[in-house]
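A.B. asks:
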Amino acid sequence: TDSSDNGYLSKSSSKIFSYNLQQLLNYNHLFGRHSISGLLGHEYYNYKYEYMGMSGRNFGIEGATEIDQLLNKDYPSSYSSRYNNEGYFFRGMYDYANTYYASLSFRRDASSRFNKNNRWGNFWSAGVAWVISKEEWFKTTWIDNLKLKFSVGSQGNDNIGNFLYTNTYNIVNNGNKVGYQWRGKGTENITWETNTNWNTGIEFEGLHHRINGSFDFFYRKTSDMLFSLGTPPTIGYTSRYVNLGDMRNMGVELVLNATPIRTKNLTWDVHFNISHVKNKVLNLPADVKTTTVEGYDGYVNHDASFAEKFWYFVGEGLSLYTWHMPKYAGVDGETGEALYYKNVLDSKGNVTGQETTKNWNEATDYLCGNAMPSWYGGIGTTLAAYGFDVSVNFTYQQGGKAYDYTYQTLMHTGGASATNWHEDILNVWSTDNKGSCIPRLMFSEKNSQNGRSDRFLESASYLNCQNLNMGYTLPKNLTQKAQIESARIYFSAENLFYISARQGFDPRYTIAGYTNPELYSPMRTCSFGVQLVF
């Protein structure tokens with residue numbers, strides 16, 4: 138705080154009270170090769186948070202540690218928040234000869250985060266499986282286990298804040314009379330978001346347990362999406378929660394594990410997994426489809442995570458994370474000024490062509506790709522021989538676009554003092570370098586030379602060394618003489634390195650595709666030690 142305050146002190150206390158009550162009734166019965174089981178239950182969860190705090194300034198004595206030692210005290214504050222839900226559920230399971238499996242479940246839940254008229258939701262699931270390798274007619278000796286499976290079910294989501302179904306106010310002093318200050322807009326009819334999942338796949342194991350894995354296809358439809366919808370501040374609030382249409386995620390996943398070598402003194406294991414997901418908004422309510430971009434109906438979503446630096450277009454038929462921003466058209470070769478694309482409109486507002494503009498504020502916002510990757514997964518291996526062991530694991534991602542805001546801030550055109558530049562600024566446009574795609578440097582440019590645009594969208598692909606472990610285990614005939622069961626000397630490293638589209642650009646933060654100087658990369662740690670077991 139400012140030195141004129143002569144010190145500032147704040148004290149607060151918070152309490153959390155929670156309890157979870159369950160009443161369960163189980164049933165199991167085995168007759169012949171048939172097995173059935175059932176579960177009937179009730180659950181109640183209650184959570185309460187209480188806060189109390191006070192602050193002040195102007196220390197009455199040096200080194201004050203109590204509020205009463207301050208000459209100027211602020212008003213104390215306290216508040217509490219509460220959340221509870223209740224549910225009834227049933228689950229039934231059946232299998233025959235450990236070969237055919239079936240299951241069925243149903244639950245009915247209520248959440249305090251919704252209005253009493255929309256509080257209850259019904260969710261269910263069903264699944265079947267068939268272990269083909271246990272059939273008498275199955276004679277393939279190199280396959281140890283083969284299983285087909287299918288399931289479908291729905292789950293509810295109420296993961297939003299409390300009391301968002303009603304308008305909220307702050308109570309203030311209005312001339313020693315009660316006053317109500319607007320706080321937030323509620324939406325009375327919001328209710329459960331429902332995720333319906335369809336999964337089918339195969340699990341396998343073979344070559345005398347040397348290889349195993351699974352292949353799955355999934356389809357997930359999200360209905361009545363809970364979404365914070367941005368609104369113009371002129372109406373008195375900036376956002377409100379709504380159930381905003383339907384969305385689907387569809388994809389495949391492959392998991393492979395293998396042991397190519399397994400002997401008395403040498404073991405080599407490898408593992409690999411890869412996933413592919415396609416995201417699409419299926420439909421939106423008519424009242425939120427306020428904009429049409431390139432033939433898609435929807436609205437512009439301002440991501441408030443970083444003061445609206447990142448904008449997406451939420452449109453029917455598009456990914457939820459579709460970038461929406463001006464397109465960079467390069468540099469004017471004669472003047473060095475940045476160029477952006479702009480639609481040409483006729484008298485009726487129809488797009489008839491495209492031209493460039495030097496004024497970023499006149500540029501048209503276009504659809505500029507998807508933040509979600511096409512493929513992602515991991516790969517790793519472990520080798521152990523004669524007491525030595527080494528393992529390394531990588532994660533990877535291919536496809537998608539991420540916004541490099543850090544790079545944008547380092548590519549300013551000289552209008553700010555005491556700030557850093559990226560080394561790419563050495564290739565800036567000049568009369569001797571007219572072929573550069575980096576705008577000229579000039580103090581206090583009239584037009585934005587590094588405004589938000591697809592110039593700063595990068596490939597989100599990366600390869601990350603997630604961990605590396607190396608060690609040596611001393612022979613037991615040596616350690617047991619010292620009454621030590623085992624002794625291992627090891628070296629371990631986490632997030633050792635990563636490879637991305639541009640050095641220093643780290644797209645590992647989030648699937649939403651934004652980076653920011655306020656975010657730190659996963660910490661790189663290295664350790665060395667000795668493990669002793671007695």
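Start counting the sequence shown at 138; every next residue gets the next number (our numbering).
For each residue, glycine too, the CB sits at the ideal point set by N, CA and C.
Residue 627 and residue 607 look like a contact to me (Cβ under 8 Å); what is the Cβ gap, rounded to whole Å?
C.D. replies: As a position in the sequence shown, residue 627 is number 490, starting the count at 1. As a position in the sequence shown, residue 607 is number 470, starting the count at 1. The Cβ separation is near 7 Å, so the contact holds.
A.B. asks: Return yes when the Cβ of residue 380 is within less than 8 Å of the Cβ of residue 327, no when it is not.
C.D. replies: For this step, residue 327 is matched to residue 190 along the sequence shown. For this step, residue 380 is matched to residue 243 along the sequence shown. The answer is yes: Cβ separation under 8 Å.
A.B. asks: Using only alpha-carbon positions, find the residue among 510, 317, 284 that is nearest to residue 81.
C.D. replies: The requested residue 81 does not occur in the structure, where the chain is confined to residues 138 to 671.
A.B. asks: Hey, could you find the ends of the alpha helix (DSSP H) residue 92 is sitting in?
C.D. replies: The chain is shown only over 138 to 671; residue 92 falls outside these bounds and no answer can be derived.
A.B. asks: State the CB to CB distance for the pair residue 388 and residue 413, rounded to an integer number of angstroms; the pair is presumed to be in contact (CB under 8 Å).
C.D. replies: Here residue 388 refers to the residue found at position 251 of the sequence shown. Here residue 413 refers to the residue found at position 276 of the sequence shown. Beta-carbon to beta-carbon, residue 388 and residue 413 are separated by about 5 Å, close enough to satisfy the 8 Å threshold.
A.B. asks: Do you know whose CA, among 485, 220, 436, 242, lies nearest residue 301's CA?
C.D. replies: In the sequence shown, counting from the first residue as 1, residue 301 sits at position 164. Answer by Cα proximity: 220.
A.B. asks: Can you find a C-beta in chain B that's less than 8 Å from the C-beta of residue 293?
C.D. replies: This model lacks chain B altogether, as it is built from one protein chain only.
A.B. asks: Excluding the five sequence neighbours on either side, which residues of its own chain have a C-beta within less than 8 Å of the C-beta of residue 488, listed in chain order?
C.D. replies: Translated into positions along the sequence shown, residue 488 becomes position 351. Counting only Cβ-Cβ distances below 8 Å, and skipping sequence neighbours, we find 480, 481, 482.
A.B. asks: Short check: CB of residue 293 to CB of residue 329, under 8 Å?
C.D. replies: What you label residue 293 is simply residue 156 of the sequence shown in a count that begins at 1. What you label residue 329 is simply residue 192 of the sequence shown in a count that begins at 1. Result yes, Cβ atoms of residue 293 and residue 329 sit closer than 8 Å.
A.B. asks: Distance check for residue 594 and residue 461, CA to CA, integer angstroms please.
C.D. replies: For the purposes of this step, residue 461 is taken as residue 324 along the sequence shown, with counting starting at 1. For the purposes of this step, residue 594 is taken as residue 457 along the sequence shown, with counting starting at 1. Spanning the two alpha carbons is a distance of roughly 11 Å.
A.B. asks: Alpha carbon to alpha carbon, how far is residue 466 from residue 245?
C.D. replies: The residue you call residue 466 lines up with position 329 of the sequence shown. The residue you call residue 245 lines up with position 108 of the sequence shown. Answer to the nearest angstrom: the Cα atoms are 55 Å apart.
A.B. asks: Run through DSSP, which three-state label would residue 276 get?
C.D. replies: Here residue 276 is taken as the residue at index 139 of the sequence shown, counted from 1. Residue 276: coil per DSSP, three-state reduction.
A.B. asks: In angstroms with no decimal places, state the Cα-to-Cα distance between residue 332 and residue 468.
C.D. replies: Position 195 of the sequence shown, counted from the first residue, corresponds to residue 332. Position 331 of the sequence shown, counted from the first residue, corresponds to residue 468. When rounded, the separation of the alpha-carbon atoms in residue 332 and residue 468 is 47 Å.
A.B. asks: Alpha carbon to alpha carbon, how far is residue 150 from residue 214?
C.D. replies: Residue mapping note: residue 150 aligns to position 13 of the sequence shown, counting from 1. Residue mapping note: residue 214 aligns to position 77 of the sequence shown, counting from 1. Across the structure, residue 150 and residue 214 are spaced so that their CA atoms are roughly 11 Å apart.
A.B. asks: Measuring only the C-alpha atoms, how far is residue 319 from residue 495?
C.D. replies: Counting from one through the sequence shown, the residue named residue 319 turns up at place 182. Counting from one through the sequence shown, the residue named residue 495 turns up at place 358. Straight-line Cα distance between these residues: approximately 42 Å.
A.B. asks: Considering only the alpha carbon of each residue, which of 418, 373, 310, 299 lies closest to residue 358?
C.D. replies: Numbered from its first residue, the sequence shown carries residue 358 at position 221. Checked all of 418, 373, 310, 299; the closest Cα to residue 358 is 418.
A.B. asks: Rounded to whole angstroms, what's the CA-CA distance from residue 568 to residue 579? Just pull it up for me.
C.D. replies: What you label residue 568 is simply residue 431 of the sequence shown in a count that begins at 1. What you label residue 579 is simply residue 442 of the sequence shown in a count that begins at 1. Between residue 568 and residue 579, the C-alpha separation is close to 13 Å.
A.B. asks: Give every residue of the same chain whose Cβ lies closer than 6 Å to the Cβ of residue 525, excluding the five residues on either side of it in the sequence, and list them in chain order.
C.D. replies: As a first step, residue 525 is located in the sequence shown; it is residue number 388 there, counting from the start. Taken in chain order, the residues that qualify are 609.
A.B. asks: Could you please give the first and the last residue of the uninterrupted alpha helix (DSSP H) stretch that includes residue 618?
C.D. replies: As a working mapping, residue 618 is identified with position 481 in the sequence shown. Here residue 618 belongs to no alpha helix (DSSP H), and DSSP marks it neither H nor E.
A.B. asks: Report yes if the C-beta distance between residue 117 and residue 452 is below 8 Å; otherwise report no.
C.D. replies: Since the first and last residues shown for the chain are 138 and 671, residue 117 lies out of range.
A.B. asks: Taking residue 528 as the reference, which of 514, 603, 586, 657 has the closest Cα?
C.D. replies: Within the sequence shown, numbered from 1, the residue matching residue 528 stands at position 391. Proximity to residue 528 across 514, 603, 586, 657 peaks at 603, based on C-alpha coordinates.
A.B. asks: Give the single residue among 448, 372, 233, 303 whose Cα lies nearest to the Cα of residue 252.
C.D. replies: Here residue 252 refers to the residue found at position 115 when the sequence shown is read from its first residue. Here the closest residue by C-alpha is 303.
A.B. asks: Given a threshold of 16 other Cβ atoms within 10 Å of its Cβ, counted over all protein chains shown, does residue 540 qualify as buried or as exposed?
C.D. replies: The count along the sequence shown starts at 1 and reaches residue 540 at position 403. Label assigned to residue 540: buried.
A.B. asks: Which residues bound the beta strand (DSSP E) around residue 84?
C.D. replies: For residue 84 there is no data in the structure shown, the boundaries of the chain being 138 and 671.
A.B. asks: Report buried or exposed for residue 474, applying the criterion of at least 16 other Cβ atoms within 10 angstroms of its Cβ.
C.D. replies: For the purposes of this step, residue 474 is identified with residue 337 of the sequence shown, where counting begins at 1. It counts as buried.
A.B. asks: How long is the line joining the alpha carbons of residue 348 and residue 463, rounded to whole angstroms?
C.D. replies: Walking along the sequence shown from the start, residue 348 turns up at place 211. Walking along the sequence shown from the start, residue 463 turns up at place 326. C-alpha separation (whole angstroms): 50 Å.
A.B. asks: With the cut-off set at 8 Å, would you say residue 639 and residue 599 are in Cβ contact?
C.D. replies: Here residue 639 refers to the residue found at position 502 of the sequence shown. Here residue 599 refers to the residue found at position 462 of the sequence shown. Taking 8 Å as the Cβ cut-off, residue 639 and residue 599 do not qualify as a contacting pair.
A.B. asks: Is residue 344 helix, strand or coil by DSSP?
C.D. replies: Within the sequence shown, numbered from 1, the residue matching residue 344 stands at position 207. Here residue 344 sits in coil by DSSP.
A.B. asks: To the nearest angstrom, how far is the alpha carbon of residue 556 from that of residue 548?
C.D. replies: Here residue 556 refers to the residue found at position 419 of the sequence shown. Here residue 548 refers to the residue found at position 411 of the sequence shown. Taking the straight line from one Cα to the other gives about 10 Å.
A.B. asks: Between the beta-carbon of residue 218 and the beta-carbon of residue 186, is there less than 8 Å?
C.D. replies: Here the question's residue 218 lines up with position 81 in the sequence shown. Here the question's residue 186 lines up with position 49 in the sequence shown. Going by C-beta atoms, residue 218 is nearer than 8 Å to residue 186.
A.B. asks: Along the chain, where does the beta strand (DSSP E) containing residue 408 start, and where does it finish?
C.D. replies: As a position in the sequence shown, residue 408 is number 271, starting the count at 1. Judged by DSSP secondary structure, residue 408 falls within the beta strand (DSSP E) whose first and last residues are 403-420.
A.B. asks: Can you look up residue 474 in the DSSP assignment and give me helix, strand or coil?
C.D. replies: Against the sequence shown, residue 474 aligns to sequence position 337. Reduced to three states, the DSSP call for residue 474 is coil.
A.B. asks: For a test of the three-state rule: what should DSSP assign to residue 426, helix, strand or coil?
C.D. replies: Working through the sequence shown from its first residue, we reach residue 426 at position 289. Three-state result, residue 426: coil.
A.B. asks: For residue 168, which option in 231, 202, 407 has the closest C-alpha, if you only look at C-alpha atoms?
C.D. replies: Residue mapping note: residue 168 aligns to position 31 of the sequence shown, counting from 1. Checking every option, the nearest Cα to that of residue 168 belongs to 231.
A.B. asks: Count the other C-beta atoms from every protein chain shown that fall within 10 angstroms of the C-beta of residue 285, then say buried if there are 16 or more, exposed otherwise.
C.D. replies: Sequence index remark: in the sequence shown, residue 285 carries index 148 (1-based). Of the other Cβ atoms in all chains shown, fewer than 16 fall within 10 Å of the Cβ of residue 285; this residue is therefore exposed.
A.B. asks: Please state if the CB of residue 630 and the CB of residue 605 are separated by a distance shorter than 8 Å.
C.D. replies: As a working note, residue 605 is residue 468 in the sequence shown. As a working note, residue 630 is residue 493 in the sequence shown. For residue 605 and residue 630, yes; Cβs fall inside 8 Å.
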